[in-house]
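Have a look at the structure below before the remarks.
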Amino acid sequence: MVNFVVSSLTAIWVSAIALLSVQNATPVTLRLLGFQMVPIPIGLLMGFSASAGLVGTAVLTAGSRSAARSLDRDDDFE
């Protein structure tokens with residue numbers, strides 16, 4: 000059931016990004032810490048941001064799970 004909910008939310012999010020990217024094809028320029036990016040469509044920028052967020056969350060979740068497992072193993076030896 001959890002996999003279905005996660006898959007549904009991801010599909011809705013991807014659909015929303017696709018809809019916004021089609022509607023907003025005007026290039027935007029992002030400035031970050033004084034650096035300026037080349038103009039790219041806002042939908043593409045949102046897609047990259049969402050992908051980075053999904054990957055970052057997956058990495059952090061996997062790291063916290065492995066850290067919790069190693070702590071559980073350390074407790075067994077005491």
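To convert, note that position 35 of the sequence shown is 34 in numbering that gives the first Met the number 0; the numbers rise steadily by one, no gaps.
Here a beta-carbon is modelled for each residue, glycine too, at the ideal position from N, C-alpha and C.
None of these values were measured; they are calculated from a predicted model.
query: Secondary structure at valine 37, three-state DSSP: helix, strand or coil?
result: When secondary structure is reduced to three states using DSSP, valine 37 falls in the coil class, being assigned neither helix nor strand.
query: The alpha helix (DSSP H) spanning threonine 9 covers which residue range?
result: Threonine 9 -> alpha helix (DSSP H) spans 1–22.
query: Quick one: is glycine 42 buried, meaning 16 or more other Cβ sit within 10 Å of its Cβ, or exposed?
result: The residue is buried, with at least 16 neighbouring Cβ atoms inside 10 Å.
query: Whose C-beta lies closer than 7 Å to the C-beta of methionine 36 among residues of the same chain, with five residues either side of it excluded?
result: If you ignore the 5 residues before and after methionine 36, its C-beta comes within less than 7 Å of the C-beta of Thr28 and Leu29, all in its own chain and listed in chain order.
task: Look at the alpha carbon of alanine 24 and the alpha carbon of proline 40, and state the distance between them as a whole number of angstroms.
output: If you take the alpha carbons of alanine 24 and proline 40, they lie about 5 Å apart.
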